[in-house]
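**Q** Pasting a structure below so you can have a look.
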Amino acid sequence: MLTFVDDKTLQKVAEAFGGEEAVQIVSVLKGVGETTDEEIALKTEIRLNTVRRILYKLYDHSLVGLRRSRDKTTGWFIFHWRLQLDQLAGFILNQKRRVLEKLETRLTYEQAHDFYSCFTEGCKRIPFEDAMELVFRCPTCNKLLMHFDNTDLKASLIERIDVLKEELGE
Amino acid sequence: MPRRNELEYKALTVISNNGNDGVLQSELWRELDATSREGSRIALKLETKGLILREKELYEGRWTYRLYPKRKPASLNSIIDSPCLMCPNDARCGAWGPISPHECRMLTAWILGIDQPEMEEPGED
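Chains A and B, in that order, are what the protein sequence lines are.
In this text, residue positions in the first sequence follow the numbering used here: the first is 1, and each later residue adds one.
In this text, residue positions in the second sequence follow the numbering used here: the first is 1001, and each later residue adds one.
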């Protein structure tokens, strides 16, 4: 399977999963094909339980695959890990769809409501219907609620949604 | 046969990384250390698979092809700094849940392109 993901993107995905340590783990996996978590820990000098935690996170999204074998002397399981680069493009698409869904939910909400705010740091903005019930007083600081213009927010939302839709070919 | 597949993959990577500028077929084979015969076969194969586009071009008095990727490489750039990407509250985040994109401060900050608030209350109202 030919994938369309470059090294930079792979690095970014790894970074999102577990920062610099995940980048190191992924780069070891990329170089060897299949290896054990213990070997990765040795090569990267990252603690074994951290290596395993990151590998399981990647495994949850099918970005790494896993094979189990049994140690003949101890009887313990040995886990052999491999990078599944063919899953990466799909993972990215899924993440984009998920973010797009959140943005669309937010846009619908922004378009359906008028908001009021006291503009105090830490206080929430209130939809018009709730502000009416509160007699236009902030329930947190009791300051007067003023109209909150969400035009910029809606415009930025639309912009981000359009970018994602274009990338997803929708 | 494995060499062919490996070359195909490498060729596609080089073509993809050049994006809209495309890459000359003659330059590509030099970069991949392949013969022009091998090269043009792989280019044809990639074109047949619908992965690249070949456009005839006259370069230094010789006809060659410029190769363009048909699909853009998958990129995470547009969402890399999105708080939703690795949000620990994702499973509980929904339109009308206690954690929702409606009033998530981190999401608002990302949409507006401003500094994100601390992670202590992601998605909380």
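Ideal Cβ placement from N, Cα and C applies to all residues, glycine included.
For a contact meaning CB atoms closer than 8 Å, what does A:Ile25 contact in chain B?
**A** Here residue 25 of chain A is taken as the residue at index 25 of the first sequence, counted from 1. Simply none; closest approach about 16 Å.
**Q** Output, in sequence order along the chain, the residues in the segment 1016-1041 of chain B whose CB is closer than 7 Å to any CB in chain A.
**A** Ser1016 and Asn1017
**Q** Give the single residue among B:Ala1091, B:Glu1027, B:Ser1100 and B:Ser1078 whose Cα lies nearest to the Cα of B:Arg1062.
**A** As a working note, residue 1062 of chain B is residue 62 in the second sequence. The residue with the shortest Cα to Cα distance from B:Arg1062 is B:Glu1027.
**Q** Please determine if the segment 83-95 of chain A and the segment 103-117 of chain A are in contact, where contact requires at least 3 C-beta pairs separated by less than 8 Å.
**A** no
**Q** For A:Phe79, list the residues DSSP reports as bridge partners.
**A** By 1-based counting over the first sequence, the position of residue 79 of chain A is 79. DSSP, once it has assigned bridges, lists A:Arg68 as partnering A:Phe79.
**Q** Does DSSP classify B:Ser1078 as helix, strand or coil?
**A** As a first step, residue 1078 of chain B is located in the second sequence; it is residue number 78 there, counting from the start. Looking at B:Ser1078 - three-state DSSP - the assignment turns out to be coil, as it is neither helix nor strand.
**Q** So is B:Met1086 buried or exposed if we call it buried at 16+ other beta carbons inside 10 Å?
**A** For the purposes of this step, residue 1086 of chain B is identified with residue 86 of the second sequence, where counting begins at 1. Exposed is the call here.
**Q** Okay, do the segment 18-30 of chain A and the segment 46-55 of chain A touch, 3+ Cβ pairs below 8 Å being the bar?
**A** yes
**Q** Counting only the same chain and skipping the five closest in sequence on each side, list residues whose C-beta sits under 8 Å from that of A:Glu167.
**A** Counted from its first residue, the first sequence places residue 167 of chain A at position 167. Closer than 8 Å at the Cβ level, and outside the excluded window around A:Glu167, lie Lys96.
**Q** Once the 5 residues before and after A:Thr44 are set aside, which same chain residues still bring their CB inside 8 Å of it?
**A** Looking up residue 44 of chain A in the first sequence gives position 44. Answer for A:Thr44: Glu21, Gln24, Ile25, Val28 and Val51, listed in chain order.
**Q** Along chain A, in chain order, which residues have C-beta atoms closer than 9 Å to that of B:Leu1085?
**A** Numbered from its first residue, the second sequence carries residue 1085 of chain B at position 85. Per Cβ cutoff of 9 Å: Ala16, Gln95, Arg98 and Val99.
**Q** Taking 7 Å as the threshold (beta carbon to beta carbon), is A:Thr9 in contact with chain B?
**A** Position 9 of the first sequence, counted from the first residue, corresponds to residue 9 of chain A. A:Thr9 counts as touching chain B.
**Q** At a CB distance below 7 Å, what residues from the segment 1053-1079 of chain B approach chain A? Give them in sequence order.
**A** Arg1071, Pro1073, Ala1074, Ser1075, Leu1076, Ser1078 and Ile1079
**Q** Out of curiosity, what's the CA-to-CA distance linking A:His147 and A:Cys118?
**A** If you number the first sequence from 1, residue 147 of chain A lands on position 147. If you number the first sequence from 1, residue 118 of chain A lands on position 118. Cα to Cα, the separation comes out at about 9 Å.
**Q** Kindly indicate which three-state DSSP category B:Glu1057 falls into: helix, strand or coil?
**A** In the second sequence, counting from the first residue as 1, residue 1057 of chain B sits at position 57. DSSP places B:Glu1057 in strand when its eight states are reduced to three.
**Q** Starting from the beta carbon of B:Pro1101, find every residue of chain A whose beta carbon is closer than 7 Å, and list them in chain order.
**A** Residue 1101 of chain B sits at position 101 when you count from the first residue of the second sequence. Within chain A, the residues near B:Pro1101 are Lys102, Thr105 and Arg106.
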